[in-house]
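To start, the structure under review is shown below, and the notes come after it.
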Amino acid sequence: MAYDEGLAARVRELLRGETDLTERKMFGGLGFMLEGHMAVAAGSRRSLMVRVPEDADVDPLLRPMEMRGRVTSGWFETDPDRELNDAELERLVRPSVAFVRTLPAKVRG
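The working numbering puts the sequence shown at residues 248 to 356.
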């Protein structure tokens, strides 16, 4: 299954103006990277994936992300094909961006 291109376009628009933003296709999804760290992704299961700090309160629209039967620490996702309105999308994406901006930039080699 492929990522939702419409969702990816909406995330791209929301992140327009962010410095050191790159996109990377991986595992059937499209990740949005800030200073080398993935902050959010349009997932291959047609969900929005977001990165949050371990101790954060998790938005009720999110559930723990699982890969190969294991819960992935620090990553959450929406239900597949969940239609997010603009306010919900921003509410989920902005905290991930803020969190990733606290991490040291990855050294490119």
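Positions of the beta carbon are idealized from the N, C-alpha and C atoms, including for glycine.
Under three-state DSSP, which class holds residue i?
{"i": "R310", "result": "strand"}
{"i": "F279", "result": "strand"}
{"i": "A256", "result": "helix"}
{"i": "R317", "result": "strand"}
State buried or exposed for residue i, treating a residue as buried only when at least 16 other CB atoms are found within 10 Å of its CB.
{"i": "D251", "result": "buried"}
{"i": "E324", "result": "buried"}
{"i": "P307", "result": "exposed"}
{"i": "G290", "result": "buried"}
{"i": "R293", "result": "buried"}
{"i": "S320", "result": "exposed"}
{"i": "A361", "result": "There is simply no residue 361 to check, as the chain begins at 248 and stops at 356 in what is shown."}
Only counting the same chain, and skipping five residues up and downstream in sequence, which positions put a Cβ closer than 8 Å to that of residue i?
{"i": "V318", "result": "P311 and M312"}
Among the options, which residue has its Cα nearest to the Cα of residue i?
{"i": "R245", "options": "L331, A255, L261 and W322", "result": "Look at the range of the chain in this structure, 248 to 356, and you will see that residue 245 is not part of it."}
{"i": "V354", "options": "P300, H284 and S320", "result": "H284"}
{"i": "E260", "options": "V347, F346, R348 and V340", "result": "V340"}
Only counting the same chain, and skipping five residues up and downstream in sequence, which positions put a Cβ closer than 7 Å to that of residue i?
{"i": "A288", "result": "G276, L277, G278, F279 and M296"}
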